[in-house]
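Student: Line by line, the protein sequences are chains E and H.
Read in the working numbering, the first sequence has 300 at position 271, and its numbers run on one by one without any break.
Read in the working numbering, the second sequence has 414 at position 385, and its numbers run on one by one without any break.
Below is the structure I would like to discuss, written out as structure tokens.
Protein chains: 2
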Amino acid sequence: MRKISGSVTAPKGFLAAGIKSGIKENKLDLGLIFSKVPALAAGVFTRNEIKAAPVEICREYLKDGRAQAVIVNSGNANCLTGQKGFNQAVDITKHLSARLAIRTEDVLIASTGVIGKPFPADKIIAAIPELVNKLSRAGDITVAKAIMTTDLVLKKIAVSIKIGGWNVKIGGIAKGSGMIHPNMATMLCFLTTDACIELSALRKALRDAVNESFNAITVDGDMSTNDTVSILANSLAGNPRIKPGTKHYRIFYDALKYVASYLAKEIAKDGEGASKFVEVEVIGAKSRSDAQKIADRITNSNLVKTAIAGEDPNVGRIASAAGAAGVRFDADKLEVYLSGLKIMGQGKIYDQARAQARRLLQNQAIKITVNLNAGKGAATKWTCDLTEGYIKINAAYN
Amino acid sequence: MRKISGSVTAPKGFLAAGIKSGIKENKLDLGLIFSKVPALAAGVFTRNEIKAAPVEICREYLKDGRAQAVIVNSGNANCLTGQKGFNQAVDITKHLSARLAIRTEDVLIASTGVIGKPFPADKIIAAIPELVNKLSRAGDITVAKAIMTTDLVLKKIAVSIKIGGWNVKIGGIAKGSGMIHPNMATMLCFLTTDACIELSALRKALRDAVNESFNAITVDGDMSTNDTVSILANSLAGNPRIKPGTKHYRIFYDALKYVASYLAKEIAKDGEGASKFVEVEVIGAKSRSDAQKIADRITNSNLVKTAIAGEDPNVGRIASAAGAAGVRFDADKLEVYLSGLKIMGQGKIYDQARAQARRLLQNQAIKITVNLNAGKGAATKWTCDLTEGYIKINAAYN
Numbered sequence: 030m031r032k033i034s035g036s037v038t039a040p041k042g043f044l045a046a047g048i049k050s051g052i053k054e055n056k057l058d059l060g061l062i063f064s065k066v067p068a069l070a071a072g073v074f075t076r077n078e079i080k081a082a083p084v085e086i087c088r089e090y091l092k093d094g095r096a097q098a099v100i101v102n103s104g105n106a107n108c109l110t111g112q113k114g115f116n117q118a119v120d121i122t123k124h125l126s127a128r129l130a131i132r133t134e135d136v137l138i139a140s141t142g143v144i145g146k147p148f149p150a151d152k153i154i155a156a157i158p159e160l161v162n163k164l165s166r167a168g169d170i171t172v173a174k175a176i177m178t179t180d181l182v183l184k185k186i187a188v189s190i191k192i193g194g195w196n197v198k199i200g201g202i203a204k205g206s207g208m209i210h211p212n213m214a215t216m217l218c219f220l221t222t223d224a225c226i227e228l229s230a231l232r233k234a235l236r237d238a239v240n241e242s243f244n245a246i247t248v249d250g251d252m253s254t255n256d257t258v259s260i261l262a263n264s265l266a267g268n269p270r271i272k273p274g275t276k277h278y279r280i281f282y283d284a285l286k287y288v289a290s291y292l293a294k295e296i297a298k299d300g301e302g303a304s305k306f307v308e309v310e311v312i313g314a315k316s317r318s319d320a321q322k323i324a325d326r327i328t329n330s331n332l333v334k335t336a337i338a339g340e341d342p343n344v345g346r347i348a349s350a351a352g353a354a355g356v357r358f359d360a361d362k363l364e365v366y367l368s369g370l371k372i373m374g375q376g377k378i379y380d381q382a383r384a385q386a387r388r389l390l391q392n393q394a395i396k397i398t399v400n401l402n403a404g405k406g407a408a409t410k411w412t413c414d415l416t417e418g419y420i421k422i423n424a425a426y427n
Numbered sequence: 030m031r032k033i034s035g036s037v038t039a040p041k042g043f044l045a046a047g048i049k050s051g052i053k054e055n056k057l058d059l060g061l062i063f064s065k066v067p068a069l070a071a072g073v074f075t076r077n078e079i080k081a082a083p084v085e086i087c088r089e090y091l092k093d094g095r096a097q098a099v100i101v102n103s104g105n106a107n108c109l110t111g112q113k114g115f116n117q118a119v120d121i122t123k124h125l126s127a128r129l130a131i132r133t134e135d136v137l138i139a140s141t142g143v144i145g146k147p148f149p150a151d152k153i154i155a156a157i158p159e160l161v162n163k164l165s166r167a168g169d170i171t172v173a174k175a176i177m178t179t180d181l182v183l184k185k186i187a188v189s190i191k192i193g194g195w196n197v198k199i200g201g202i203a204k205g206s207g208m209i210h211p212n213m214a215t216m217l218c219f220l221t222t223d224a225c226i227e228l229s230a231l232r233k234a235l236r237d238a239v240n241e242s243f244n245a246i247t248v249d250g251d252m253s254t255n256d257t258v259s260i261l262a263n264s265l266a267g268n269p270r271i272k273p274g275t276k277h278y279r280i281f282y283d284a285l286k287y288v289a290s291y292l293a294k295e296i297a298k299d300g301e302g303a304s305k306f307v308e309v310e311v312i313g314a315k316s317r318s319d320a321q322k323i324a325d326r327i328t329n330s331n332l333v334k335t336a337i338a339g340e341d342p343n344v345g346r347i348a349s350a351a352g353a354a355g356v357r358f359d360a361d362k363l364e365v366y367l368s369g370l371k372i373m374g375q376g377k378i379y380d381q382a383r384a385q386a387r388r389l390l391q392n393q394a395i396k397i398t399v400n401l402n403a404g405k406g407a408a409t410k411w412t413c414d415l416t417e418g419y420i421k422i423n424a425a426y427n
């Protein structure tokens, strides 16, 4: 596997475009990804009980396992907009499919932005001709920009792998920032590949890759109504069809997981107001589930995250968060490491390690390791620190 | 029931003192509450797996259901201080009991402050003579000050009730601020009463009152290693002994719950950096447990709490937090009210209510009501907003 330039248009047969439709004031806010031929498709969506209209529509349209286009807007989530918002989103897929001369059910749709404001479908429908006209391989940059909300950094990647001698490519773009939580929150990710792959293999690969990547990140513990990760696989690479459980599947899955993990980490690094990237690794738990609960609790602790923002080696907050996860463990066996430095064990904090810990906290990337010394369960989560910048963004956002 | 002046020394036979022992620089940091006669006693403690030494000791000492004194320090939590810290805390109870001429097991101990720093037991032991000498009825103010850490407001209350013609009093002080969560976090509360009551009734009343009060508040979702609520009941009111399940028990319990709820709300109002008090009421859930999960999720949502800080009527964040609680519900039946104003229902946000909602958010106290319209389960939680002040306090705290 090697990284290559580009993103969603790196695989064969994909085009993209991003334009200003007027939802936002003079900013890119509408994007399109298009495969020249019908593609197999799969999606993973938010588990929030409140689901935005586009999420409901994608779940319905993806039942047949195929799609050919993805239209996405920022600036309005089309969520809690009632039957009207749902009908508007369906209308958009109808207009776009007519313009592209494809089936309506082959148009996926996604939205991100404020919840509960009337959805400006008219602006989007009016912009469809321009959007389609601008489709190009170079449009991967503008579509990636069009999905950004409070993101500061454009998130994109592409990789190339060999499947039975054929070159297969996978590309992706994502947006994240606030509200990122293990259950994928206000997070959109669009993946493309020219791989030829069985639908069951594509669906499994996407589900597993999301669990190992986007579901491992948290910015503020909130989970959005619009989270969407989708993949289109158009077979144009010409490789022998990838079947589940094979060596070729493993190569494809590893590459997809790499792409998803890369984008997930980019999202955590770019969390609202974030100044530091934090990896929390829990090992030695009785089960993976126990390890996940503790990693969740630490990555969602405001006290841990403000301590890291302040470069304050407040190990007690890490231990206390671990202890509050609802998992039974022996406090005397608990060990905590900060970027490799042992700072707690045998029921006490190593106060003498405080000065060195403080120096380690000056780094941009921090790793916290918690060892329960009780078994082989392990989990890793990624997050960012909690700064005044987060409050500024979220108290003023309208 | 009526509110009276004073706090822990309002009930008969109680004295208190707070002094500067030198743990903090020139601040009250050591306190004592003392009953002239041995009292029945009960305690409720943190459920964090990491428990501070004083918590372990109190649990042991309270097995016999009696106590006569409570010593408490701020400035150091005596947590994750290993066997040494445990032994130091025991030493303090020995020195104090000798000075007071009472049993060692009748001394309760509590600590609050930074975790994992060596515990300055020598300073406390050296200060015991002065602490005991200063015991007085007026000492309830200094002991309440001695337990404050980042608290801005002194939290105290006393009430008087009639039990079978006799005047019975209940008093209490508390400290809270950061880390307050449903499972009682870095929160200390000391209650006193001159009621004559059976031990089983006292224990049940305290447990239930804590569940309805301190376990209903959250500031930042973290749960501390030192949380302690204790009560001493010294029988000096002379009332007929209160037995479980009686009318007298109900009168006593209601008053105790009032005292605990008052102190809990004071803690939520004084959350670190808080500018607003927020009550979240969930009704119409299938079960109380469902309602609690949703109320927890909303009170712990950074996005909801920053929106309130910014006086931004971002109803979508409330609905989204409700939907992320892991409770199944019908989004179309969900109704959300902001301080009585209906702002969401029938699957959509009432955008036209936004201006009025914005005005309501300018108040100091905000009430959010969520109705699932699915049953009779209900729960109420209290919290505060999330401001830049919280970050400032917690990123810089050392």
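Backbone N, C-alpha and C fix where the C-beta goes; we use that ideal spot for every residue, glycine too.
Tell me the residue span of the alpha helix (DSSP H) that contains H/Gly114.
Tutor: First-last of the alpha helix (DSSP H) with H/Gly114: 111-129.
Student: In chain E, which residues lie with their C-beta within 7 Å of the C-beta of H/Leu415?
Tutor: Correct list: Ile420.
Student: If distances are taken between C-alpha atoms only, which option among H/Val188, H/Leu129, H/Thr179, H/Lys204 comes closest to H/Ala139?
Tutor: Comparing Cα-Cα distances from H/Ala139 to each of H/Val188, H/Leu129, H/Thr179, H/Lys204, the minimum goes to H/Lys204.
Student: Could you name the residues of the same chain whose beta carbon sits closer than 7 Å to that of H/Lys286, not counting the 5 residues immediately before and after it, in chain order?
Tutor: For H/Lys286, where only same-chain residues beyond five positions count, the Cβ hits under 7 Å are Ala238, Glu241, Ser242.
Student: I want to know whether the segment 47-61 of chain H touches the segment 70-77 of chain H - three or more CB-CB distances under 8 Å.
Tutor: Short answer: they don't touch.
Student: Starting from the Cα of H/Asn402, find the closest Cα among H/Thr412, H/Phe358, H/Ala384, H/Phe219 and give me that residue.
Tutor: Per the Cα distances, H/Phe358.
Student: Between H/Thr328 and the rest of its own chain, which residues show a CB-CB distance below 6 Å, the 5 nearest in sequence each way excluded?
Tutor: Excluding positions up to five away in sequence, the list reads Thr247, Val309, Lys410, Thr412.
Student: Counting only the same chain and skipping the five closest in sequence on each side, list residues whose C-beta sits under 8 Å from that of E/Val66.
Tutor: Closer than 8 Å at Cβ, skipping near neighbours: Gly42, Gln97, Asn263, Ser264, Leu265.
Student: What distance in whole Å lies between the Cβ atoms of H/Gly376 and H/Lys315, which are believed to be in contact at a cut-off of 8 Å?
Tutor: Actually they do not touch by this definition, with Cβ atoms about 19 Å apart.
Student: Establish whether the CB of H/Lys146 and some CB of chain E are separated by less than 8 Å.
Tutor: True, the Cβ-Cβ gap to chain E drops below 8 Å.
Student: Looking only at its chain, what residues have a beta carbon closer than 6 Å to the beta carbon of H/Lys234, apart from the 5 residues adjacent to it on each side?
Tutor: Sequence inspection shows Ala at residue 234 of chain H; the Lys mentioned does not correspond to that position. Excluding residues within five positions, the ones whose Cβ falls inside 6 Å are Tyr282, Leu285.
Student: What's the C-alpha gap between E/Arg326 and E/Ala350?
Tutor: In a straight line, the C-alpha of E/Arg326 is about 6 Å away from that of E/Ala350.
Student: Kindly indicate the opening and closing residues of the beta strand (DSSP E) around E/Gly72.
Tutor: Counting along the chain, the beta strand (DSSP E) containing E/Gly72 begins and ends at 59-74.
Student: Can you find a C-beta in chain H that's less than 8 Å from the C-beta of E/Ser140?
Tutor: So no, E/Ser140 is outside the interface.
Student: Hey, H/Ile395 and H/Ile337: beta-carbon distance below 8 Å or not?
Tutor: A contact, by the Cβ cut-off of 8 Å.
Student: Using a beta-carbon distance cut-off of less than 7 Å, what residues from the segment 366-393 of chain E approach chain H?
Tutor: If the cut-off is 7 Å between Cβ atoms, the segment 366-393 of chain E has Met373, Gln375, Gly376, Lys377, Ile378, Asp380 near chain H.
Student: Mind checking E/Arg346: buried by the 16 CB within 10 Å criterion, or exposed?
Tutor: Counting Cβ neighbours within 10 Å, E/Arg346 comes out buried, since at least 16 surround it.
Student: In chain H, which residues lie less than 7 Å from E/Val344 when you measure between Cβ atoms?
Tutor: Within 7 Å Cβ-Cβ: Gly145.
Student: Within 10 angstroms of the Cβ of E/Glu301, are there 16 or more other Cβ atoms? Answer buried if so, exposed if not.
Tutor: With 16 or more Cβ atoms within 10 Å of its Cβ, E/Glu301 is classed as buried.
Student: Can at least three beta-carbon pairs, one atom from the segment 171-189 of chain E and one from the segment 149-160 of chain E, be found at a separation below 8 Å?
Tutor: With a cut-off of 8 Å, the segment 149-160 of chain E and the segment 171-189 of chain E do not count as touching, because too few Cβ pairs lie within range.
Student: According to DSSP, what are the bridge partners of H/Glu18?
Tutor: Examination of residue 18 of chain H is not possible in this model, given that chain H is present from 30 through 427 alone.
Student: Which of helix, strand or coil does DSSP assign to H/Gln391?
Tutor: DSSP places H/Gln391 in coil when its eight states are reduced to three.
Student: Per DSSP, what kind of secondary structure is E/Val239 in: helix, strand or coil?
Tutor: If DSSP states are grouped into helix, strand and coil, E/Val239 belongs with the helices.
Student: From E/Thr122 to E/Ala106, what does the alpha carbon distance come to, in whole angstroms?
Tutor: Between E/Thr122 and E/Ala106, the C-alpha separation is close to 16 Å.
Student: At 4 residues or longer, what runs of the alpha helix (DSSP H) sit wholly inside the segment 251-336 of chain E?
Tutor: Counting whole runs of 4 or more residues, the segment 251-336 of chain E contains the alpha helix (DSSP H) stretches 276-298, 317-328.
Student: Could you give the DSSP three-state label for E/Val37: helix, strand or coil?
Tutor: Coil, per DSSP.
Student: Under the three-state reduction of DSSP, which class applies to E/Ile209: helix, strand or coil?
Tutor: With a pLDDT of 45 at E/Ile209, under the threshold of 50, the predicted position of this residue should be treated as unreliable, and no value is reported.
Student: Any idea what DSSP makes of H/Val182, helix, strand or coil?
Tutor: Three-state DSSP puts H/Val182 in coil, outside helix and strand.
Student: How about H/Gly200 and H/Gly406: are their beta carbons less than 8 Å apart?
Tutor: Not closer than 8 Å, so no.
Student: Note the first and the last residue of the continuous alpha helix (DSSP H) segment covering E/Ile153.
Tutor: From DSSP, the alpha helix (DSSP H) with E/Ile153 extends over 150-162.
Student: What residues in its chain sit with their C-beta under 6 Å from that of E/Glu134, if we drop five residues either side in the sequence?
Tutor: Around E/Glu134: Tyr90.
Student: Give me the Cα-Cα distance between H/Ile144 and H/Ile52, rounded to the nearest whole angstrom.
Tutor: One C-alpha to the other measures close to 14 Å.
Student: Can a CB atom of chain H be found closer than 8 Å to the CB of E/Leu217?
Tutor: It does not: the Cβ of E/Leu217 has no partner Cβ on chain H nearer than 8 Å.
Student: Name the one or two DSSP bridge partners that E/Val197 has.
Tutor: According to DSSP, which records beta bridges pairwise, E/Val197 is partnered with E/Ile190.
Student: Tell me the DSSP secondary structure of H/Tyr379 in three-state form.
Tutor: Looking at H/Tyr379 - three-state DSSP - the assignment turns out to be coil, as it is neither helix nor strand.
Student: Between H/Cys434 and chain E, is any beta-carbon pair separated by less than 8 Å?
Tutor: The shown model of chain H, from 30 to 427, leaves out residue 434 of chain H, and the question about it has no answer.
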